[in-house]
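Worksheet: the structure to be examined is printed underneath.
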Amino acid sequence: MSAQTEVFRKVVRDFMVGGAVTVAPETSCKKTVAAIVEDGATSAVVVDDGGKPIGIVTEQDVTRRLAFKAAADAPVEDHMTRPVFTIQESEFLYTAIAAMRRHGLRHMPVVGRDG
């Protein structure tokens, strides 16, 4: 298999890195940023009570929307990016790359079949 065609055979789960930082919508902006920093992550996925992604807060969101603009105790749902684009772990890697390029994304949470 050549390196050029390898991307067409790999699935997203082959490139997943650890678990995502997740927070509830009512979590404060301050606690959300602290969770991102503590984990050494570049984003936090905002999930509903059932654990389904409803938004995302990335480092870019922190620098452009939160820093010096949002109150530290404001709920993160007021400042998260939504809708959040997700991809199933069984999808081909090239599908994820195409979706991220099409939508200008740097982060895309990976979900199971149930979302």
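Per our numbering, numbering of the sequence shown is gapless, rising by one per residue and ending at 1034.
Every residue gets a Cβ at the ideal spot worked out from N, C-alpha and C, and that includes glycine.
If we call anything under 9 Å between Cβ atoms a contact, is residue i one with residue j?
i: A954; j: A960; result: yes
i: V966; j: V942; result: yes
i: G1034; j: P944; result: no
i: M1027; j: T1005; result: yes
i: V936; j: V964; result: no
So residue i and residue j are in contact, right, with Cβ under 8 Å, and what is the actual spacing, rounded?
i: I1016; j: T1000; result: About 19 Å; that fails the 8 Å criterion.
Of all Cβ atoms in chain B, is any one closer than 9 Å to the Cβ of residue i?
i: G937; result: Protein chain content of the structure displayed is limited to a single chain, and chain B is not contained in it.
Can you tell me which residues form a DSSP beta bridge with residue i?
i: P972; result: V966
i: P994; result: S947
Using the C-alpha atoms, what's the distance from residue j back to residue i?
i: A957; j: T946; result: Position check: residue 957 holds Glu in this sequence, whereas Ala was assumed. Spanning the two alpha carbons is a distance of roughly 15 Å.
i: D968; j: P994; result: 15 Å
i: Q1007; j: L1024; result: 16 Å
i: K988; j: T951; result: 15 Å
i: F1011; j: D980; result: 28 Å
i: D997; j: V931; result: 30 Å
i: G970; j: G1031; result: 11 Å
i: A922; j: H1022; result: 26 Å
i: T982; j: S962; result: 12 Å
i: L985; j: C948; result: 8 Å
i: Y1013; j: T977; result: 22 Å
i: A991; j: G938; result: 25 Å
i: V1003; j: V1029; result: 11 Å
i: R928; j: S1009; result: 11 Å
i: F934; j: T924; result: 16 Å
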